[in-house]
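For what it's worth, the numbering used here labels the leading residue of the sequence shown as 204, then goes sequentially.
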Amino acid sequence: MDWGLKNRMSKIIRPENGRAVMLAVDHGYFLGPTSRLEVPRTTIAPLAPYADSIMLTRGVLRSSVDPSICNSIVLRVSGGASIVGEDLSNEGIITSVEDALRLNASGIALSIFVGSKHERQTLLALSELVNEGQKHGMPVLAVTAVGKEIGQKDARYLALASRIAAEIGAHIVKTYYCEDFEKVVESCPVPIVVAGGKKIPEKDALELTYNSLKAGAAGVDMGRNIWQSDHPVPMIKAVREIVHKDATAKDAYELFKKLSSKK
Ligand code: R5P
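Structure below.
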């Protein structure tokens, strides 16, 4: 790995413990103004101090994030489909590596839709992005997206999709927690971060975080389970406690309750 790429990776996954708290706020790229992310600036600003990096699109970065922010930026560079369109998997690259460099991104992210009608196009887009990223020292995070038509998120599927992403050259893989998650982690030779998925009770989301780390994940790239909580700041603090301080799910939930009641 060249110095620039290593340096950018260290802005996403902290070198001292190999862990990462990523705040995912990129949902608008296919969902529009999702609940509690209607005004991105309002959602992002109070949470940013507790995230190592923020994952978002260039439109939201430019319009809604203070350029003096200390967080690293992971730029979502795939899109082109929407929740009301024909096929969520019909994505392409929507932002150039050059623009990501101009925006001082520490990484770029795209979704792959393994098993979908557009599997090939999204895997070739990943390959293109890795080729471009290598030229500029820009790490690529591949999201193993689960489109509407792919209901199955078991370890067999997620291990397949994650391994393919790593084989093509992704530097980090973002996937979903599932039963036997350690099998997904052990067969993927690059670090894995876990998405939170749909909003679930805070206690369950903290257990998901804890179990993911225990199975070998490097951290989380979590969105709705943080900012759709009635207490988003206590929630991200509790998640951070697990990722960076090895707290148990129980202790993190106690912290969440304590901080929420103070509010
Ligand atoms: C989906 O592909 C988006 O990239 C989100 O960033 C991802 O789903 C993580 O967010 P959440 O924790 O809300 O699932």
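Even glycine gets a Cβ: it sits at the ideal position worked out from N, Cα and C.
Keep in mind the model is a prediction, meaning the values are calculated, not measured.
In angstroms, rounded to a whole number, what distance separates the CA positions of residue i and residue j?
i	j	result
K460	I371	42 Å
K209	P342	8 Å
Y232	E294	11 Å
E219	K448	12 Å
P435	R305	31 Å
D269	L259	13 Å
E335	I216	21 Å
S256	Y413	19 Å
Just curious, the beta strand (DSSP E) that residue i is in, first and last residue?
i	result
A421	Counting along the chain, A421 falls outside any beta strand (DSSP E), and DSSP gives it neither H nor E.
V376	I375 to Y379
A303	No beta strand (DSSP E) contains A303, which is instead part of the alpha helix (DSSP H) from V300 to R305.
Between residue i and residue j, how many whole angstroms is the CB-CB distance? I'm expecting something under 8 Å.
i	j	result
G310	L332	Contact doesn't hold; Cβ gap of about 11 Å is too wide.
G318	I297	The Cβ separation is near 22 Å, so there is no contact.
Which class does residue i belong to by DSSP, given the choice of helix, strand or coil?
i	result
A450	coil
T325	helix
G400	coil
L239	Position check: residue 239 holds Arg in this sequence, whereas Leu was assumed. Reduced to three states, the DSSP call for R239 is coil.
S319	coil
T347	strand
V156	Nothing can be reported for residue 156: it is not among the residues displayed for the chain, which extend from 204 to 466.
I353	Reliability fails at I353, whose pLDDT of 47 lies under 50, so the model's placement of it is uncertain and no value is given.
V387	helix
G282	strand
Mind checking whether residue i and residue j have CB atoms under 8 Å apart?
i	j	result
S432	V423	no
I439	A254	yes
A364	I315	yes
A420	I445	no
K356	C381	yes
L326	I367	yes
L462	P437	yes
A328	V277	no
V349	K377	no
Kindly indicate the opening and closing residues of the alpha helix (DSSP H) around residue i.
i	result
G231	G231 to L234
Y360	A358 to I371
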